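Below is one structure; the comments refer to it alone.
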Amino acid sequence: MNTPVNNKVAVFGATGHTGRFVVDELIRRGMVPVALARDSGKLAAAGFESRGIQTRCVSIADDAALNQALQGVAALINCSGPFLETANQLAAAAIRNRVHYLDVSAEQMSAHDTLENFDSPAREAGVLVLPAMGFYGGLADLLATAVTDGWDAVDDVRIGIALDSWHPTEGTRITGARNTAHRLVVSDGKLVPMILPAIEIAWDYAQPFGRLDAIEVPFSEVILMTQHLRIGQLHTYLNLSALQDIRDPQTPPPAAADESGKSAQIFLVEIIASRDGQTRKLVAQGRDIYGFTAPLICEAVQRILQGEVTQRSGAHAPGAVFDTRSFLHALAPELVCTFEAV
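Structure (structure tokens):
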């Protein structure tokens, strides 16, 4: 007789823009969310309890309250940044309670510290820790792992991200203001500070974007990829107009375009990898980077809870834990991936 899978998942930051998407996606997949937040007023206003969703108001500084909130849960998803301020306490609480931990950090230093500090404790506790399992970070790592499948090393990886607009959430703005760490890239196989001023190039994106001005903006995918892939050069570019959007204080937050709550924003991520004169390219397209993060991280949680992983404990990048092609295929139709000949 099979033992029933514990499908109860705590979501910290459940009242935020991304957190609400995650709660809804967990329900859609038949899992049981527990909504956690620091503000009791926001928890009440979110209407979770009227939908039968369990809620807990907790401070990340209160270990006893966190322990109580995590009783009976199998995994904790942290949607509350800046992650340099929340990941350490929440990952530690998850491990203490033998609960899997995932977050959606785009912050390089947060991802680095989580991988560095929690690998051994997570192995001892028998749980997985996956930082940066969001649009920025985890998605590019999965794509790069898939496109370089069969290669033991890669000479060069270039990542091109295109957004038709970027209307940031309040959390994105707060994180951007506080994240002053020098961004890292990979050169000659080593993590090094990105050259400043940031390099600007023209990138020929797939349609509907076409040729756009782009600027080097590495996110947490650099940390994830170097954790398990041997890469000589690694650089990430974002179309310049998207960066201008997020830097403009007058740019409004994302607005729902339909009943799903998703905005009309479209995104494209291209991975171009080369080795010994051979080049491979993978193009992924979807809608709303915040809304898409929900199926991305919930697919990860579901696979972890069902045992569909190659690693069962420790702190890892997603590409080291999942069958990446199967994972990406499961995200359709929210994500459409195309392998292209170059």
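Numbering-wise (the numbering used here), the sequence shown opens with residue 116 and increments by one.
By construction, the Cβ of each residue, glycine as well, lies at the ideal position given by its N, Cα and C atoms.
Keep in mind that this is a model prediction, so the values were computed, not measured.
C-alpha distance - residue i paired with residue j, whole-angstrom precision
i, j, result
"Gly429", "Asn232", "10 Å"
"Leu349", "Glu164", "45 Å"
"Val440", "Asp360", "The displayed chain sequence assigns Arg, not Val, to residue 440. Answer to the nearest angstrom: the Cα atoms are 32 Å apart."
"Glu285", "Arg293", "13 Å"
"Pro312", "Ile330", "10 Å"
"His132", "Arg211", "28 Å"
"Asn354", "Leu397", "18 Å"
"Met116", "Glu200", "Residue placement at Met116 is flagged as unreliable, the pLDDT there being 43, under the threshold of 50; the coordinate-derived value follows with that caveat. The straight-line gap from Cα to Cα measures roughly 43 Å."
"Leu185", "Asp303", "43 Å"
"Thr341", "Ala259", "11 Å"
"Cys194", "Ser225", "13 Å"
"Ile381", "Ala150", "28 Å"
"Gly134", "Gly187", "20 Å"
"Asp279", "Gly347", "30 Å"
"Phe407", "Glu449", "7 Å"
"Tyr405", "Arg153", "21 Å"
"Val300", "Gly162", "42 Å"
"Val124", "Pro364", "35 Å"
"Val269", "Phe442", "22 Å"
"Phe198", "Thr229", "10 Å"
"Arg345", "Ala388", "12 Å"
"His282", "Arg402", "13 Å"
When the options are compared against residue i, the one with the closest alpha-carbon
i, options, result
"Arg288", "Gly265, Gly406, Pro368 and Asp228", "Pro368"
"Tyr251", "Glu414, Phe334, Ala317 and Asn212", "Phe334"
"Val126", "Ile168, Ala160, Ala159 and Gly156", "Ile168"
"Pro246", "Ala206, Ala161 and Ala357", "Ala206"
"Glu336", "Lys396, Arg135, Arg395 and Arg273", "Arg273"
"Val138", "Ala180, Leu191 and Phe324", "Leu191"
"Glu374", "Phe136, Ala209, Ala240 and Trp318", "Phe136"
"Arg390", "Glu449, Asp271 and Glu455", "Asp271"
"Arg238", "Ala259, Asp256, Ser225 and Tyr216", "Tyr216"
"Val451", "Thr408, Thr394 and Ala399", "Ala399"
"Ala129", "Val120, Thr170, Gly145 and Lys123", "Thr170"
"His227", "Leu306, Leu151 and Arg166", "Leu306"
"Ser174", "Gly253, Glu449 and Gln204", "Gln204"
"Ser220", "Leu327, Ile338 and Val424", "Ile338"
"Ala321", "Ala370, Glu455, Ile142 and Ala180", "Glu455"
"Gly275", "Leu243, Glu315, Thr263 and Gly265", "Glu315"
"Arg213", "Met248, Pro236 and Thr229", "Pro236"
Residues that DSSP places opposite residue i in a beta bridge
i, result
"Gly401", "Phe382 and Leu450"
"Ser389", "Asp271 and Thr394"
"Glu455", "Lys396"
"His444", "Paired residues: none, contrary to the question."
"His215", "Ala190"
"Ala209", "Its beta-bridge partners do not exist; DSSP assigns none."
"Gly429", "Leu243"
Supposed contact pair residue j and residue i - C-beta distance, whole angstroms, cut 8 Å
i, j, result
"Thr290", "Gly196", "5 Å"
"Glu414", "Leu383", "Not really, about 20 Å apart at Cβ, beyond 8 Å."
"Gln426", "Ala432", "Wrong, their Cβ atoms sit about 10 Å apart, outside the cutoff."
"Asp218", "Ala202", "6 Å"
"Ala409", "Glu222", "Not quite, the Cβ-Cβ distance comes to about 19 Å (not below 8 Å), so this is no contact."
"Ala255", "Ile386", "7 Å"
Subject >> Sequence ranges, alpha helix (DSSP H) only - wholly within the stretch 123-196, length at least 4 >> reply: 132-143, 155-160 and 178-184
**OP:** Go through the stretch 315-367 residue by residue and report every complete run of the beta strand (DSSP E) that reaches 3 residues or more, in order.
**Re:** 315-319, 326-331 and 346-354
Original post:
Going along the chain, which unbroken runs of the beta strand (DSSP E) with 3 or more residues stay wholly within the stretch 283-310?
Top reply: 299-302 and 305-308
Original post:
What runs of the beta strand (DSSP E), each 3 residues or longer, lie entirely inside the stretch 241-283?
Top reply: 243-245 and 269-278
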